[in-house]
Amino acid sequence: MSFLVLKFNELTKIIYLFVGLTGVFIGLIQFVNWLVAGSLTLLQSLTPSITVSLFILGLLLRTVTIKHKFLSIIIGKPIIHGLWKGNLTSNFEVNGQKIPPIEIYFFIKQTFLITTIKSYTSHQASESIITALSHNKDSEISDFIYIYKFYRTKHSENKVTFGSGNLRLINQGQTLEGFYWTTANTCGEIELNLIERNCESIDSYQLAKQHDK
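Okay, so the sequence shown: first residue is 21 according to this note's numbering, each after it adds one.
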């Protein structure tokens, strides 16, 4: 489950798009009505136009992934959709020694309404609960903030752990780097590089490895 986070200007764009679609469908209905010499009024055209507009708008906003530059310009945000690979450096210790960096994959699915993360290591998977992508047009700085959960099953454990991360998009949109924290008193650094933009779904570490060629 992912929560929806929208800025005011994003909500405004959705409203404008909805009004525009509704106007187009009213016009189409009235045009067909005129062709067949019907008697349908503007008010009678309103209800079906709103219904169809809501359906199409919901479909577009939730299913169309942001993979192309022109879509990025429309939504006013950088593109982060795709499969990313990198290393996680944790402060976690085993027998008093810090563990080596862990290979990790992020599959980020970005639509206009919702951005989600699924991350995978060879031993663990996690998924986002809340995400927010902040872009400062003046400084050209983009920060990706998220809250996630994963299940700890090692050493006879069986519990949910929550965490958060703050990653900055750099290197012309090809790298994400930053920090993460968890409720298990661990924290560390993450650096990820984009390896594929046009993937639609990654649901396991093994599948991510297959795309990493």
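Beta carbons: idealized from backbone N, C-alpha and C, even for Gly.
Please return the same chain residues whose Cβ sits closer than 8 Å to the Cβ of residue i, not counting the five positions on each side in sequence.
i    : result
N29  : G96
I49  : L60, S65, P68, S69
E147 : T136, I137, K138, S139, Y168, K169, F170
C219 : G102, L103, F127, H231
T85  : H101, K129, Q130, T131, E220
Once the 5 residues before and after residue i are set aside, which same chain residues still bring their CB inside 6 Å of it?
i    : result
F267 : In the structure as shown, the chain begins at 21 and stops at 233. Residue 267 is therefore absent and cannot be evaluated.
T141 : I122, I124
I165 : A152, N186
T202 : T181, G183
Which residue wins for smallest C-alpha separation from residue i, given the options the options?
i    : options                : result
A204 : S184, S221, C219       : S184
N191 : W201, L212, K179       : L212
T131 : I122, L79, D158        : L79
H155 : L187, F90, F75         : L187
L103 : T202, G208, L196, Y200 : L196
K229 : I34, Y125, G47         : Y125
I150 : S159, E160, K129       : K129
S110 : K233, Q226, L227, G198 : G198
F75  : W54, V56, T42          : T42
A145 : L227, W54, V114, N53   : L227
Just confirm the distance between the C-beta atoms of residue i and residue j, as a whole number of angstroms; I'd bet it's less than 8 Å.
i    : j    : result
N87  : I215 : According to the sequence provided, residue 87 is Lys. The question's Asn does not apply to it. With 8 Å as the limit, K87 and I215 do not qualify as a contact, their Cβ atoms being about 14 Å apart.
L133 : R82  : 6 Å
L77  : L37  : 6 Å
F45  : S73  : 6 Å
I210 : L108 : 5 Å
G193 : I94  : Contact doesn't hold; Cβ gap of about 16 Å is too wide.
S162 : L189 : 4 Å
Let me know if residue i comes out buried or exposed under the rule of 16 or more other beta-carbons within 10 Å of its beta-carbon.
i    : result
S221 : exposed
S224 : exposed
V40  : What sits at residue 40 in the sequence shown is Gly, not Val. Exposed, because fewer than 16 other Cβ atoms sit within 10 Å of the Cβ of G40.
T208 : This sequence places Gly at residue 208; Thr is not what is there. Buried, because 16 or more other Cβ atoms sit within 10 Å of the Cβ of G208.
K89  : exposed
Extract the residue ranges of the beta strand (DSSP E) inside the stretch 110-157, only unbroken runs of 3 or more that lie entirely within it.
122-130, 135-140, 145-156
For the stretch 164-211, which segments carrying the beta strand (DSSP E) assignment without a break, of at least 3 residues, lie completely within its bounds, in sequence order?
179-190, 195-202
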